[in-house]
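Accompanying notes for the structure given below.
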Amino acid sequence: MMLENSKYLFDRAQKFIPGGVNSPARAFKSVGGTPVFFDKAKGSILTDVDGKDYIDYVGSWGPMILGHAYEPVIKAVQETAAHSTSFGAPTEIEVEMAELVKRMVPGVDKIRMVNSGTEACMSAIRVARGYTGRDKIIKFEGNYHGHGDSFLIKAGSGALTLGSPSSPGVTKGTAKDTLVADYNDLHSVKELLNTHKDEVAAIIVEPVAGNMGCIPPAPGFLNGLRDLCDAHDTVLIFDEVMTGFRVAKGGAQERYGVTTDLVTYGKIIGAGLPVGAFGGKKAVMDVVSPVGPVYQAGTLSGNPLAMAAGFALLSELQDKPVHYDQLEEKTTYLFNGLKKVFDKWDVPVHINRVGSMISVFFTDEEVVNYQTANTTDKELFRDFFHEMLQRGIYLPPSPFESWFLANSLTQDMIDKTVAAADKSIEAALES
Ligand code: PMP
């Protein structure tokens, strides 16, 4: 495969950037080989620095729900940039953005903008701790909430892919306040809440897990968490950094009919610019500085470029809910095509899908949590991934990530993807 310019750039990058990348999930560590360096993209087509095109199933890990270089977003960024890139003072677009989120997610009374999903999750647990006066949190094995110290205990995503789910550098003091339960297992949550009575400030959960591959919540799981939080005066936090504005206009809260106390956002909310946000019930959010005593701040938070981009994308999603129906149809079409191909080759497979999030697990087992996700055949995924890449299909470079579909995908592109999967799995099985 022609990857000369990517190879050249990767050699240069490795000299001065750890591992040659600014975020480990893009490093191709678990699949091996050279990460593809990209030059440009339009809709669902990526073009690398060697001029080769790919159909994109990463979508910048979520934000590109309507495709790359989406005209209204580009226009909003260009027009806003001409007026200044930052004031460090309030602007009208921040007000409009907060009002728009409120319209899309009725349970969010107040929202604070930050610069990444990590910041959103770090801030949300500080708020929950300040609100309840308790120290401990419960998270789930294989869920990822960014690289804040409290979350790098049995974490998912790059931390899982790179074999470092519990990171060195997190102090014992911090680690002891993070309790870990099993995803989709209410019993494990109950046990922790009973053992640590009146000590748990928050339960934080990916309402659809995406960072150990896509794993839907079992029926009753999210409602069960809501009930347990009510019974224990614990704050329920949905980390909707992946699912927000994706699995439905109002995210997982809408899709599963569960209202949380706090919610965190990232990715789509900034349309590909660095944005995150946390929000929720007024009573909880009112502990945030300057109304309340819980300090949280950011020089570039609510940045005009990021707000303009996010507002343009969210407005389109708010005005045309048909995008969600189309994404659902396209993802089902891909699901059916892939299932047929893997069945034809007699490959043990479970394909999980929620809305436009989908993952292929090469395993006989139904994938419902970290343990079952881990039964996927990693070598087969690695070979399949490279075969697909060679055929111009860009998948997440790890068996433990969700694929994100964009509504810019056409039926023809999905047909090409399924045809490539047919050839790729044949070749992967032979190698
Ligand atoms: N939470 C979830 C569910 C995520 O998927 C991610 C990132 N993949 C984060 C938090 C962290 O977001 P960021 O990378 O923007 O810091």
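Sequence positions in the sequence shown follow the numbering used here and run 6 to 436.
Ideal Cβ positions, reconstructed from N, Cα and C, are used throughout, including at glycine.
| Item | Value |
| --- | --- |
| Counting C-beta neighbours from all protein chains within 10 Å, is the total for Lys-47 16 or more, i.e. buried, or is it exposed? | exposed |
| Whose C-alpha, out of Phe-316, His-328, Glu-384, is nearest the C-alpha of Ala-81? | Phe-316 |
| According to DSSP, what are the bridge partners of Tyr-399? | Asp-61 |
| Can the beta-carbon of Met-247 be found closer than 8 Å to that of Gly-215? | yes |
| May I have all residues whose beta carbon comes closer than 6 Å to any heavy atom of ligand 1, sorted in chain order? | Trp-66, Ser-121, Gly-122, Thr-123, Cys-126, Tyr-149, His-150, Gly-151, Ser-162, Glu-211, Gly-215, Asn-216, Asp-244, Val-246, Met-247, Gly-271, Gly-281 |
| Do you know whose CA, among Asp-55, Ser-436, Ile-130, Pro-279, lies nearest Lys-45's CA? | Asp-55 |
| If you run the structure through DSSP and keep just helix, strand and coil, what is Met-69? | coil |
| Which residues in the same chain have their Cβ closer than 7 Å to the Cβ of Arg-358, if we skip the five residues on either side of it in sequence? | Cys-219, Thr-336, Phe-340 |
| Give the C-beta separation of Ile-130 and Ser-155 to the nearest angstrom, bearing in mind that I take them to be a contact with Cβ-Cβ under 8 Å. | 6 Å |
| Give, in chain order, every unbroken run of the beta strand (DSSP E) that is at least 3 residues long and sits entirely within the stretch 279-319. | 281-285 |
| With distances taken between CB atoms, is the gap from Asn-189 to Ser-306 smaller than 8 Å? | no |
| Looking only at its own chain, which residues have a Cβ that is under 7 Å from the Cβ of Ser-49, when we skip the five neighbours before and after it? | Ile-60, Asp-61, Gly-72, Ala-411, Ser-413, Leu-414, Met-418 |
| Classify Phe-42 as helix, strand or coil using the three-state DSSP reduction. | coil |
| For a quick check, are the C-beta atoms of Gly-229 and Leu-197 less than 8 Å apart? | no |
| Tell me the residue span of the beta strand (DSSP E) that contains Leu-51. | 50-53 |
| Whole angstroms is fine: what's the gap from Ala-342's alpha carbon to Met-362's? | In the sequence under discussion, the amino acid at residue 342 is Gly, which differs from the Ala named in the question. Using only the alpha carbons, I get a separation of about 15 Å. |
| From the DSSP output, read off the bridge partner residues of Ser-364. | Asn-357 |
| Quick one: what does DSSP say Asp-244 is sitting in, helix, strand or coil? | strand |
| Could you check how far apart the C-beta atoms of Ile-143 and Ala-186 are, in whole angstroms? I think they sit under 8 Å. | 6 Å |
| Taking the continuous alpha helix (DSSP H) assigned at Val-106, which residues delimit it? | 97-109 |
| Terminal residues of the continuous beta strand (DSSP E) containing Leu-157? | Taken as a continuous stretch (DSSP letters only), Leu-157 belongs to no beta strand (DSSP E), as it is neither H nor E. |
| In the DSSP assignment, what are the bridge partners of Arg-117? | Phe-283 |
| Check whether the Cβ atoms of Arg-251 and Gly-67 sit closer than 8 Å, and answer yes or no. | yes |
| Ala-426: which of Ser-407, Glu-406, Tyr-399, Ser-403 sits nearest, CA to CA? | Tyr-399 |
| Thinking C-alpha only, which one of Asp-114, Asn-148, Gly-163, His-355 is nearest Asn-27? | Gly-163 |
| Please list the segments of the alpha helix (DSSP H) lying wholly inside the stretch 129-214, counting only runs of 4 or more residues, in order along the chain. | 163-166, 177-180, 191-200 |
| Going by CA-CA distance only, name the one from Thr-166, Ala-160, Leu-167 that's closest to Val-175. | Ala-160 |
| In angstroms with no decimal places, state the Cα-to-Cα distance between Asp-388 and Lys-421. | 19 Å |
| Could you tell me whether the stretch 269-289 touches the stretch 345-353, using the rule of 3 or more Cβ pairs below 8 Å? | no |
| Using the three-state DSSP reduction, which class does Gly-255 fall into: helix, strand or coil? | coil |
| Opposite Ala-276 in the DSSP bridges: which residues? | Leu-278 |
| Is the beta carbon of Val-240 less than 8 Å from the beta carbon of Ala-206? | yes |
| Are Lys-141 and His-201 close, meaning C-beta to C-beta below 8 Å? | yes |
| Output the boundary residues of the beta strand (DSSP E) element that contains Tyr-270. | 267-270 |
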